[in-house]
Amino acid sequence: MEADHVSIWPRMEPFLLGALQVAPSSKLSLHYLRKMAIYVRTRDGCFPVLGWPMWRHIACGKLQLPEDLAWLYFETFDLLIGHKPEERLEWAECLSQCTSKSELDQQRNKLSVDTLQFLLFLHIQQINRVSLRTSLIGEEWPSHRTRSPSPSDREAKTSSQNKNWDDQAHLSFVQSHLAEILELLVEPGQLSNSGQALRDFQIPLEAVRSLGLLLEGSVCHGRVVQPVHRLLTKGPLQTPAGYSALNRSFPLHKLLSCLQHSLTLNPFGITACLRSGKKLAWAQQVEGAMKRANIARNTHMAPPGSKMVLMSQVFKQTLAKTSDKLTAANIKIHRCSDAFIYLLSPLRSVSVDKCRDSTVVLGPVETSVHIHSCQNVRVVCVAGRIAVGASSRCTIHALTPTRPVLLPGNTDITLGPFHTFYPSLEDHMASVGLAVVPNAWDQPLLLGTEGLVNLSLNTSSNPDPACYRLLPPAEFHTLVVPFQMEGDTCEVPGGLPPPYQAALDEKQKRIQNWQRTVMEARLNKEQKRQFQELVEVKFHEWLLETGHRQELDSLIPPTIAPTKASDGPAMDTPRVNENKYIRTGQAVGQSPMAC
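Numbering-wise (our numbering), the sequence shown opens with residue 4 and increments by one.
In structure tokens, the structure reads:
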């Protein structure tokens with residue numbers, strides 16, 4: 004029977020991209036979701052698809068959630084399920100033409116989602132619920148199933164940081180809540196007075212299809228990943244699951260038992276990636292001894308939606324990469340310091356976790372960029388969503404169609420407009436469906452444990468309204484990506500907001516006035532030499548004071564033998580032009596490597 008073994012596991016992306024990184028509102032508890040499950044099946048216009056007007060009515064009228072929070076959940080689910088790039092660009096164009104709230108509401112009213120999948124999406128928000136017992140003792144009580152963690156398990160737990168990346172937490176959540184999840188799929192007529200499903204009732208196949216949001220699997224550990232309903236309706240699981248082709252339904256108790264028996268850890272999750280993914284050690288920089296950076300990836304074998312690249316401990320290095328291996332991957336940048344990281348490919352999602360004193364420049368990110376527990380980090384990105392939590396002295400230069408989400412624990416966050424480009428940027432943006440408008444980089448949402456923050460109430464569980472500022476135009480400078488690539492983009496997509504463009508123009512005028520003053524001084528040759536030396540001294544002092552000297556030095560590759568990557572051929576050290584820190588080719592920067 005081993006040859007017929009079927010494995011089912013929790014999908015990564017619903018938890019990684021769908022669960023907001025904050026304790027959910029009490030209004031999303033199972034008690035209220037059961038009521039919502041009954042309500043949507045007994046009202047016109049709510050089932051099998053739920054439109055924004057009806058969800059707004061339920062969320063604001065029944066659950067008493069603020070409208071902005073209701074839209075945040077709806078919008079997050081829409082980001083998660085994915086659309087063709089052309090559809091996203093068309094949606095962006097429609098939104099950009101809205102000139103009033105009423106026009107915006109009319110546009111939003113056209114959106115609808117799968118009702119049952121949206122219910123499951125709301126339920127998995129509980130994965131970030133803080134349990135009183137866990138907060139007091141740190142871990143769950145020991146049980147007969149508890150085992151000592153292996154080194155790989157401990158590494159995975161440390162690297163995961165929060166439950167959104169933690170595949171073991173995903174599995175534990177599904178195992179613990181599977182009965183509740185199935186109850187949300189049962190038709191209202193089969194529920195008891197308390198809203199619970201009775202043992203002998205049936206779940207129709209169409210409802211089980213909705214489980215595909217959370218679960219997938221394969222037969223015989225094969226590489227062909229299938230939706231869970233397909234595994235349950237044919238092959239080895241059809242009989243244990245009790246599927247009736249005549250009634251096209253499953254007995255609740257058999258389906259529950261079958262799924263519990265088949266559930267296992269995601270073979271494409273962070274644990275497997277750290278344990279057996281392809282790993283590389285990056286070469287050290289010229290100056291000083293330092294930790295070796297590590298990378299693990301599963302992009303060579305994971306199915307779409309499960310591809311990930313994990314980077315950790317990049318220390319006093321510049322790493323730059325544009326590669327098909329990064330395209331559509333979920334990226335985790337973990338515990339990096341004094342680093343400059345350029346990932347110039349279209350990405351699925353990015354998490355920047357526990358980093359400090361670093362700059363991260365990203366290609367277009369289709370879904371979300373999440374910055375967590377970082378200090379003095381600058382992130383430059385075009386992204387579907389930005390979220391920042393538990394971070395201090397960070398600056399985010401963003402182009403995003405959604406309002407940035409500021410979670411609890413932030414201090415001294417600066418939001419600025421997107422201010423750079425590289426030659427293939429606009430092509431990459433089109434490939435993930437991101438446009439230059441609308442752009443909500445300067446309209447953050449402050450999200451606390453009970454929803455959006457009321458600026459008149461400042462409690463310990465909510466973000467401080469003064470935790471962020473918009474970058475003053477006087478402090479604004481553009482960022483130059485110092486690598487040569489092919490493409491047509493030659494300016495910041497969409498241009499700069501007028502106040503920031505005016506500030507740049509003023510700086511340019513001062514430079515021109517300075518140059519004119521020097522020319523009119525009519526210095527002789529010796530005076531020019533002395534003046535040049537003085538300017539260079541002051542410039543180098545400024546480079547040291549601001550940390551830019553390290554940034555420039557890290558662009559100069561060390562004189563070392565060609566590096567042989569663990570999964571590719573040796574790569575020659577790039578040549579660097581003495582005047583322009585440029586290199587041509589696939590891997591760019593201080594330590595070239597395949598990844």
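Positions of the beta carbon are idealized from the N, C-alpha and C atoms, including for glycine.
Report task. Taking only the alpha-carbon atoms, compute the straight-line gap between S10 and R111 and give it to the nearest angstrom. Result -> Counted from its first residue, the sequence shown places residue 10 at position 7. Counted from its first residue, the sequence shown places residue 111 at position 108. Whole-angstrom Cα-Cα distance: 39 Å.
Query raised in the report: When you compare only the Cα positions, how much space is there between E554 and T481?
Result: Counted from its first residue, the sequence shown places residue 554 at position 551. Counted from its first residue, the sequence shown places residue 481 at position 478. Straight-line Cα distance between these residues: approximately 15 Å.
Query - Residue interval of the beta strand (DSSP E) (run including H60) - result: Counted from its first residue, the sequence shown places residue 60 at position 57. No beta strand (DSSP E) contains H60, which DSSP labels as neither H nor E.
Query raised in the report: Of all the options D415, E209, L119, which has the alpha carbon lying nearest to the alpha carbon of G54?
Result: The count along the sequence shown starts at 1 and reaches residue 54 at position 51. Answer by Cα proximity: L119.
Report task. Measure the beta-carbon distance from M311 to N333 and round it to whole angstroms, keeping in mind my assumption that it falls under 8 Å. Result -> As a working note, residue 311 is residue 308 in the sequence shown. As a working note, residue 333 is residue 330 in the sequence shown. Sure, about 5 Å apart at Cβ, within 8 Å.
Query raised in the report: For L218, which option in H173, F253, K257 has the closest C-alpha, if you only look at C-alpha atoms?
Result: Here the question's residue 218 lines up with position 215 in the sequence shown. Checking every option, the nearest Cα to that of L218 belongs to H173.
Query - Where W74 falls, given that 16 or more other Cβ within 10 Å makes a residue buried - result: Reading the sequence shown from its first residue, position 71 is the one you call residue 74. W74 should be labelled buried.
Query raised in the report: Can you list, in chain order, the residues of its chain whose CB lies under 7 Å from that of L329, leaving out five sequence neighbours each side?
Result: Taking the first residue of the sequence shown as position 1, residue 329 is located at position 326. Excluding sequence neighbours, L329 sits near V312, L346, S348, L350.
Report task. Give me the Cα-Cα distance between S352 and S340, rounded to the nearest whole angstrom. Result -> Position 349 of the sequence shown, counting from 1, holds the residue named residue 352. Position 337 of the sequence shown, counting from 1, holds the residue named residue 340. Distance between the alpha carbons of S352 and S340: 21 Å.
Query raised in the report: Going by the CB atoms, is the gap between V177 and L266 shorter than 8 Å?
Result: Position 263 of the sequence shown, counting from 1, holds the residue named residue 266. Position 174 of the sequence shown, counting from 1, holds the residue named residue 177. Against a cut-off of 8 Å, the Cβ pair of V177 and L266 comes out as a contact.
Report task. Can you say whether I344 is buried or exposed, counting buried as having 16 or more other CB atoms within 10 angstroms of its CB? Result -> Here residue 344 refers to the residue found at position 341 when the sequence shown is read from its first residue. Buried.
Query - From G280, L277, Q316, residue whose alpha carbon lies closest to that of A296 - result: Here residue 296 corresponds to residue number 293 of the sequence shown, with the count starting at 1. Answer by Cα proximity: Q316.
Query - Span of the alpha helix (DSSP H) around Y76 - result: Stepping through the sequence shown from its first residue, residue 76 is reached at position 73. Here the alpha helix (DSSP H) through Y76 covers 70-84.
Query raised in the report: What beta strand (DSSP E) runs, 3 residues minimum, are completely inside the stretch 285-362?
Result: 297-300, 311-315, 321-324, 333-337, 343-346, 352-356
Report task. Flag this pair as yes or no: are the beta carbons of P441 and S99 separated by less than 8 Å? Result -> Here residue 441 corresponds to residue number 438 of the sequence shown, with the count starting at 1. Here residue 99 corresponds to residue number 96 of the sequence shown, with the count starting at 1. Cβ distance < 8 Å, so P441 and S99 count as in contact.
Query raised in the report: Is it buried or exposed for K528, if we count other Cβ within 10 angstroms and need 16 for buried?
Result: Taking the sequence shown and counting its residues from 1, the one referred to as residue 528 is at position 525. Classification of K528: exposed, given that the 10 Å Cβ count is below 16.
**Report entry** Residues sharing a beta bridge with K281, DSSP
**Finding:** Numbered from its first residue, the sequence shown carries residue 281 at position 278. In the DSSP assignment, K281 is bridged to R300.
Query raised in the report: Under a Cβ-count criterion, where at least 16 other Cβ atoms within 10 Å of its own Cβ denotes burial, should Q530 be classed as buried or exposed?
Result: Along the sequence shown, one-based indexing puts residue 530 at 527. Q530 comes out exposed.
Requested in this report: Report all residues from its chain with a CB closer than 7 Å to the CB of A292; omit the five preceding and five following residues, and keep chain order.
Outcome: Position 289 of the sequence shown holds residue 292. For A292, the pLDDT reaches just 39, beneath the cut-off of 50, and the residue's location in the model is therefore unreliable, leaving the point undetermined.
Query raised in the report: Under a Cβ-count criterion, where at least 16 other Cβ atoms within 10 Å of its own Cβ denotes burial, should H422 be classed as buried or exposed?
Result: Locating residue 422 in the sequence shown gives position 419, where the first residue counts as 1. H422 is buried by the Cβ-count criterion.
Query raised in the report: Can we count F421 as close to the ligand PLP, meaning its CB is less than 7 Å from some heavy atom?
Result: Among the components modelled here there is no ligand, and therefore nothing to report on the ligand PLP.
**Report entry** Distance between P411 and N131 (C-alpha atoms, nearest Å)
**Finding:** Along the sequence shown, one-based indexing puts residue 131 at 128. Along the sequence shown, one-based indexing puts residue 411 at 408. Straight-line Cα distance between these residues: approximately 13 Å.
Query raised in the report: Would you report the Cα separation of F271 and M314, rounded to the nearest angstrom?
Result: Position 268 of the sequence shown, counting from 1, holds the residue named residue 271. Position 311 of the sequence shown, counting from 1, holds the residue named residue 314. A straight line joining the alpha-carbon of F271 with that of M314 spans about 16 Å.
Report task. Let me know the secondary structure DSSP gives W603 once reduced to three states. Result -> Outside the shown range of the chain, which is 4 to 598, sits residue 603, and nothing can be said about it.
Query raised in the report: From L125, P307, D117, pick the residue whose C-alpha is nearest to that of S29; which is it?
Result: For this step, residue 29 is matched to residue 26 along the sequence shown. Comparing Cα positions, the closest option is L125.
Query raised in the report: What's the C-alpha gap between L20 and A299?
Result: Counting from 1 along the sequence shown, the entry for residue 20 is found at position 17. Counting from 1 along the sequence shown, the entry for residue 299 is found at position 296. Between L20 and A299, the C-alpha separation is close to 20 Å.
**Report entry** Alpha-carbon to alpha-carbon, S557 and P502
**Finding:** Position 499 of the sequence shown, counted from the start, is the residue given in the question as residue 502. Position 554 of the sequence shown, counted from the start, is the residue given in the question as residue 557. Going by the C-alpha atoms only, they are around 33 Å apart.
Query raised in the report: Does DSSP put L266 in a helix, in a strand, or in coil?
Result: Locating residue 266 in the sequence shown gives position 263, counting from the first residue. Three-state DSSP puts L266 in a strand.
Requested in this report: State buried or exposed for F534, treating a residue as buried only when at least 16 other CB atoms are found within 10 Å of its CB.
Outcome: Taking the first residue of the sequence shown as position 1, residue 534 is located at position 531. Per the 10 Å Cβ criterion, exposed.
Query raised in the report: Got a sec? Which residues, its chain only, sit under 8 Å from T102 by beta carbon, not counting five neighbours each side?
Result: By 1-based counting over the sequence shown, the position of residue 102 is 99. So the list is empty, once near-sequence residues are dropped.
Report task. On a CA-only basis, which of D415, Q320, L72, N269 is nearest P301? Give me that one, please. Result -> As a first step, residue 301 is located in the sequence shown; it is residue number 298 there, counting from the start. It should be noted that the sequence gives Asn, not Pro, for residue 301. If we check each option's Cα against that of N301, N269 comes out closest.
Query raised in the report: How would you call K324, buried or exposed, if buried means at least 16 neighbouring beta carbons within 10 angstroms?
Result: Locating residue 324 in the sequence shown gives position 321, counting from the first residue. With 16 or more other Cβ atoms within 10 Å, it is buried.
**Report entry** Rounded distance between the beta-carbons of I273 and W168, thought under 8 Å
**Finding:** Position 165 of the sequence shown, counted from the start, is the residue given in the question as residue 168. Position 270 of the sequence shown, counted from the start, is the residue given in the question as residue 273. 6 Å between Cβ atoms; contact.
Query raised in the report: Using the beta-carbon count (16 or more within 10 Å), is N165 buried or exposed?
Result: By 1-based counting over the sequence shown, the position of residue 165 is 162. Answer is buried; the Cβ neighbour count reaches 16.
Report task. From the DSSP output, read off the bridge partner residues of C384. Result -> Here the question's residue 384 lines up with position 381 in the sequence shown. In DSSP, C384 forms a bridge with A401.
Query raised in the report: A22 to Q511, Cα distance in whole Å?
Result: Here residue 22 refers to the residue found at position 19 when the sequence shown is read from its first residue. Here residue 511 refers to the residue found at position 508 when the sequence shown is read from its first residue. One C-alpha to the other measures close to 45 Å.
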